[in-house]
Structures are given as C-alpha cells and as structure tokens.
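Just below is one structure, and these are the notes that go with it.
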Amino acid sequence: MDRVRISNLTKYYGTTLVLDDVNLSVAEHEVVCLIGASGSGKSTLLRCVNKLVPFDHGTIELDGVSIEDEQFRNSNELHKRVGIVFQAFNLFPHMNVLDNVTLAPRKVHGVSRKESEANARRLLDLFGMSEFAAAFPEQLSGGQQQRVAIIRTMATNPDVLMLDEITAALDPELIGGVLRIIKDLAAQGMTMMIVTHEMGFAREVADRVCFLEDGRILEEGPPAQLFSTPEHPRTQQFLQRIIEAGRL
Amino acid sequence: MIAEERRPAPPARRTLSFRERALPFVISIVSVAIVFGLAARLVTSATHWPRIKLQFFNRDAIVAAFPTVFRGFLTNMSVWAIALVAIAIWALVLAIFRSLNGPWFAPLKVFAVLYIDLIRGIPSLLLVLLFGFGVPALQIPGLPRTGLFWGAVAMVLGYSAYAAEVYRSGMEAVHDGQRAAAKALGLSQWQTMIYAIVPQAVRNVLPALLNLAVALQKDVALLSVIGVRDAVREAQIYTARTFNYSSLIAAAMLFLAATIPMARFTDYVARKDQERRLQRTV
Ligand SMILES: Nc1ncnc2c1ncn2[C@@H]1O[C@H](COP(=O)(O)OP(=O)(O)OP(=O)(O)O)[C@@H](O)[C@H]1O
Ligand SMILES: [Mg+2]
C-alpha cells in the first residue's frame, strides 16, 4: 500500500517550471531519498506534499486520498499526518525544549499536558536529549537544536516524515548525531522522504534514491544501483561532481 | 601536566594606578560644575531674575499649592496606569486583526486598517475634546458621563492605533520559518499567532512600547482641557487665584519625577534587549 502517491505533479513559480510531471510513490515503511543539484526542485516537492505551497497540475494522494479532498480542506488535518523538518530547525525561541515538543500534541492533537510531557521525555531520552528538557533553543548547539526539531515533529506521531536537508546548516562534527537518529527511525519502520546532500547517508538509509534535475525525476533505483551504476549521463555527472567534492 | 605547563600564561592584567583611574572622573566633575555654575550665575544675575524667581520658583507658593496639585497628579497616574493596560490589550487585538489572512477574517482586517489610519490622523487633543465633551453631552442612559472616563477612553483609543503599529512591526520581524514550522506542526493560523508569533513580537517591541508609555505619561495631562482636575488643572486653578505660576512648576516637577525614572527603565530594557539579540546571532 502506498502511503504517498504523487502523479504527474507540475508546479510553476510565476512562469518558471519548477516541478515537471513528477511521479513518485512511497510505500509504508519505505525511505526515499531525493538528491539533485541546488534548484532542482527537491524542497518544492516536499512542500507540495504537505500543502505549504500550492501546485498546478497532477495529484498527490495520502493513503489513497487526494490532499485536495474535502477531508484535507483544513490543511491542519494533513499536517497532523505528514511532518516536516527544515534545514533551519525553526524551534520556537521563547519556549524551552519540553514546551517546543509538547505544543503541537497539546494544542493540535488534544493530548493532555501530563501525557504529552511523558511522551516528550520518552522521545528526548530515546534520542539522548533528556538533559536538555528545560533548556532554551539558544542554549543548544545547532546539532542539538536539529535533534529537538526532529523530536518535535516525531511527537505529533506523523504517518510520513519529510526531512529537508536537515544537516546542511550543521558543522561536520555535529552531523553524525543527527543522522544516527534518522537511521534509528528508519530501522523502526518510519515512512520517510529525505532530501539530502549526504550521499553516504543516503546510501545507508534509503530503500530508493531519486535523482532530480530541473524539476524532473531523471533516474531512480536502489542506492547500490544508482550510486555505483547510474544510467543517465546527468546522474553520472552529478555523482562525479559529488565525488570530486569529497562527499561520497 | 606537561600540556598545562606549555600553555602560555594569560597576559597579566594591566592595573591602572589610582591617578589614572581618578583623573578622568575628577576632570568631568570639575568641568560640569564650571559650565553649569557659570550658566546658573548668568541666569541668576539677570536683572529680571528676582521677578522670575518670585513668579515661578516661589518656594512658599510651591509648598502651598503642592497638596492639591499632588492629588491631581495621582489622578494623572491612575488614568495612566489603567490606560496603559487597556492600550496594551486593545492594540494587540488590533494588530492581530490586521495581520490575519483569509476571506473570513477580511472584515476584521479592514476594520483594523481603517481604525488605525483614521485615529492616527486625528490630533490627540481633538479626540479628547470629542469624547470628553461630546459623548457626555449625548446623555446616553447607561453610559458614564464623566469627562474623566471619556477622556481616558479617548487616550486609549488614540494611543492604541500607534501601539498596534508597533506590535505589527514586531510580528513582521518574526522570521518566516517560525510560521512555516508552526503551520507544518498543524497549528491553525490563530494558534500560530497566539503561541508562536505574538510572544516573540511582544519581546521584540517591548522597548518601543515603553517609549509610548513614557509619552502617554505626559499626555494624560490633556484631560485637563475637558475639566478633569488633574495636576495641570489644579495648578492652573491655583495660578488663577494667586497670579503666581509656581504651582505649574510644582506640577512640572511631579511629572519629571515620574517620567525620568520611566525613561531610564526604558533605556535599561532596550539595552537588555540588544544584548539578547547580539547573543543570539553568535
Ligand atoms: N518562493 C519562490 N518563488 C519563486 N521561485 C522559487 C521559490 N522557491 C523556490 N523557487 C525556485 O524554484 C526552483 C526550485 O527550488 P527548490 O528550493 O525546490 O530547489 P532545491 O532542489 O530544494 O534546491 P537546494 O538544494 O538549493 O535547496 C529554484 O529555481 C528556485 O529558484
Ligand atoms: Mg532545498
């Protein structure tokens, strides 16, 4: 059963074509990594899936129901089921870690404060962040903030988790800790769509890798195949550049 | 151990001698004393100074007028305190109305835009006259008829338009990522406002709001024109009776005693705010 099914998705920003007839399905428990050059439309694709931006043609279905269906008229209903974590963490600076994590469960999902805090502490513990429950975002390192941002989204118990270059703003020594969390989540069977420039990570965690260029999926396949024997010349070029930059 | 020994010793802090520390301080005191002393000398040696002193700085008149002026001043300060709370709330409501999007919120938005544009274009004095004299004259049953009440309402309505714009600038300064994060977590537009945007906006604009509060502290004296017996009104009454202006000086001193600490406090909050911002960017 496909959790997410994207069919013939097309999007323009003004007159620029940003997504060009994209077809992509993500099965339950599957981890799909999206790779591609800057400006190829990776972020836009994720943002379309949870309606942060509108699209022009095609359909996006969640568990067989179009996200333009009456059921998702109020986009909060969609956001309850599809979580996203951004490159820039975007933690709420005026709340401590615990409040950041419990806000959405309490206000959106109607969980009691006691229950949501217990769940938050369990997640913080699981990801090695329990000692920071009372800390404010500005007291944390970038890597710690990003882990809190992931926990904050996980606390809403989403069916699908989307990650948009969550390690791109981090110092190299902090990246490992964040990626480890994602590998744990993958191992637990979380359905994920991951935009990343960390090819080593994509190779380890992905069930399938999609290469985007100019808003089109040029090539997709299991990581072993796509990384070692890419078919499309553009994919080969892209990977060659990555290797030269020392990131694979 | 070895590593510790190899670490270079921190540079010895250069200690300033007593002379080096005290001299700048002494120089500033002496120069200030000389300049202000000369100025005072110049003023008090003017031919008209005795008359000025008698008319404006008459100690006996100030003491005699003080009790009534002070009672009036308490009126000023209570109006100020109550108006401050009312403005803080009403302006925030206006600012939220103004920044809501979506067809259902359009009437609220239009109302807020019109309100702010209209009220900001009218002089405060005119508002006070309109409300303080105008509304009681309508004699609407069930509504208070005192100038004090309607004058205060005029101040609240007027200042709220300015404060609403201050709030709004604070909301716009909150990073877009905050809105995206709140939305992606499933918060509604309203919840995003209340839990994510407004708390950050208020913190952003606290110094600017406090500046408005200082301005309001003096502007409550406008109520004297509609007959409210505040400090200025009481001082005028005394002046009319004795043809001596020292009571106005007494009122001025009372206002200064309130506004100067308030202004210093505002500076302090602004400085703290700036430190916080600097820390965050590191
Ligand atoms: N709000 C916007 N308005 C107009 N054009 C936009 C907007 N956001 C993105 N674009 C354009 O859409 C295209 C795709 O952008 P997108 O952010 O999806 O790329 P990306 O693959 O995520 O790139 P990166 O790896 O740099 O994050 C780019 O050409 C970009 O300039
Ligand atoms: Mg992007």
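Residue numbers (our numbering), protein chains in the order written: chain A, 176 to 423; chain B, 28 to 309. Each residue gets a CB set at the ideal place from its N, CA and C atoms; glycine is no exception.
Nearest to Arg296(A) by alpha-carbon distance, out of Met176(A), Pro398(A), Asp274(A), is Asp274(A).
One Cα belongs to Ala285(B), the other to Arg298(B), and the distance between them is close to 21 Å.
When distances are taken from the beta-carbon of Thr219(A) to the heavy atoms of ligand 1, the shortest one is below 7 Å. Rounded to the nearest whole angstrom, the C-alpha separation of Glu306(A) and Pro280(A) is 21 Å. Ligand 2 approaches Glu340(A) closely enough that one of its heavy atoms is under 7 Å from the residue's Cβ. Within the model, the alpha-carbon separation for Gly204(B) versus Glu388(A) is close to 26 Å. Of all residues in the stretch 191-213 of chain B, only Gly204, Gln205, Ala207, Ala208, Lys210, Ala211, Leu212, Gly213 place a beta-carbon less than 7 Å from a beta-carbon of chain A. Residue environment analysis places Asp339(A) among the buried positions, since at least 16 neighbouring C-beta atoms fall within 10 angstroms of its C-beta. Fully enclosed beta strand (DSSP E) runs of no fewer than 3 residues are not present anywhere in the stretch 159-191 of chain B. Under a 10 Å Cβ-count criterion, Met176(A) is classified as exposed, with fewer than 16 other Cβ atoms of the shown protein chains found around its own Cβ. Chain B places no beta carbon closer than 8 Å to that of Asn183(A), leaving this residue out of the contacts. Under DSSP, the beta-bridge partners assigned to Arg391(A) are Glu388(A). Ile221(B) and Gln246(A) have their C-alpha atoms roughly 26 Å apart. For Gln218(B), at least one C-beta of chain A is nearer than 8 Å to its own C-beta.
Residues of chain A with a Cβ closer than 7 Å to the Cβ of Ser215(B) are, in chain order, Asn251. Of all alpha-carbon atoms in Pro163(B), Ser273(B), Gln301(B), Asp294(B), the one lying nearest the alpha-carbon of Asp87(B) is that of Ser273(B).
Note on geometry: alpha-carbon atoms of Ile61(B) and Ile276(B) lie some 26 Å from one another.
Boundaries of the beta strand (DSSP E) around Asp196(A): 191-202. In the structure shown, the three-state DSSP call for Ile123(B) is helix.
The beta carbon of Gly204(B) sits no closer than 7 Å to any heavy atom of ligand 1.
Per DSSP, Met367(A) is one residue of the beta strand (DSSP E) stretching across 366-370.
Annotated three-state conformation of Thr342(A) is coil, per DSSP.
Comparing alpha-carbon positions, the option among Asn294(A), Arg322(A), Leu199(A), Thr410(A) lying closest to Asn332(A) turns out to be Asn294(A).
Here the stretch 191-207 of chain B does not lie against the stretch 148-167 of chain B, with fewer than 3 beta-carbon pairs under 8 Å apart. Residues of the stretch 217-239 of chain B with a C-beta atom less than 8 Å from some C-beta of chain A are Gln218, Tyr222, Ala223, Pro226, Gln227, Arg230, listed in chain order. In the three-state DSSP reduction, Leu336(A) falls in the strand class (E or B). Contact residues of the stretch 209-234 of chain A toward chain B are Asn225, Leu227 (C-beta to C-beta distance below 7 Å).
If you ignore the 5 residues before and after Ala308(A), its C-beta comes within less than 8 Å of the C-beta of Asn271, Val272, Leu273, Ala295, Arg296, Leu299, all in its own chain and listed in chain order. Nearest neighbour of Ser215(B) by Cα position, chosen from Gln314(A), Glu292(A), Gln411(A), Leu278(A), turns out to be Leu278(A). If you look at Asn294(A), you'll find it in the alpha helix (DSSP H) that goes 288-301. In the three-state reduction of the DSSP assignment, Leu81(B) falls in the helix class. Val370(A) has its Cβ nearer than 7 Å to a heavy atom of ligand 2. Under the three-state reduction of DSSP, Ile210(A) is assigned to strand.
A contact is defined here as three or more CB-CB pairs under 8 Å, and the stretch 96-113 of chain B fails this definition with respect to the stretch 147-156 of chain B. Within chain B, the C-beta atoms nearer than 7 Å to that of Val283(A) come from Leu212, Gly213, Leu214, in chain order. When Phe376(A), Ile392(A), Gly390(A) are compared, the shortest CA-CA separation from Ala399(A) is found for Phe376(A).
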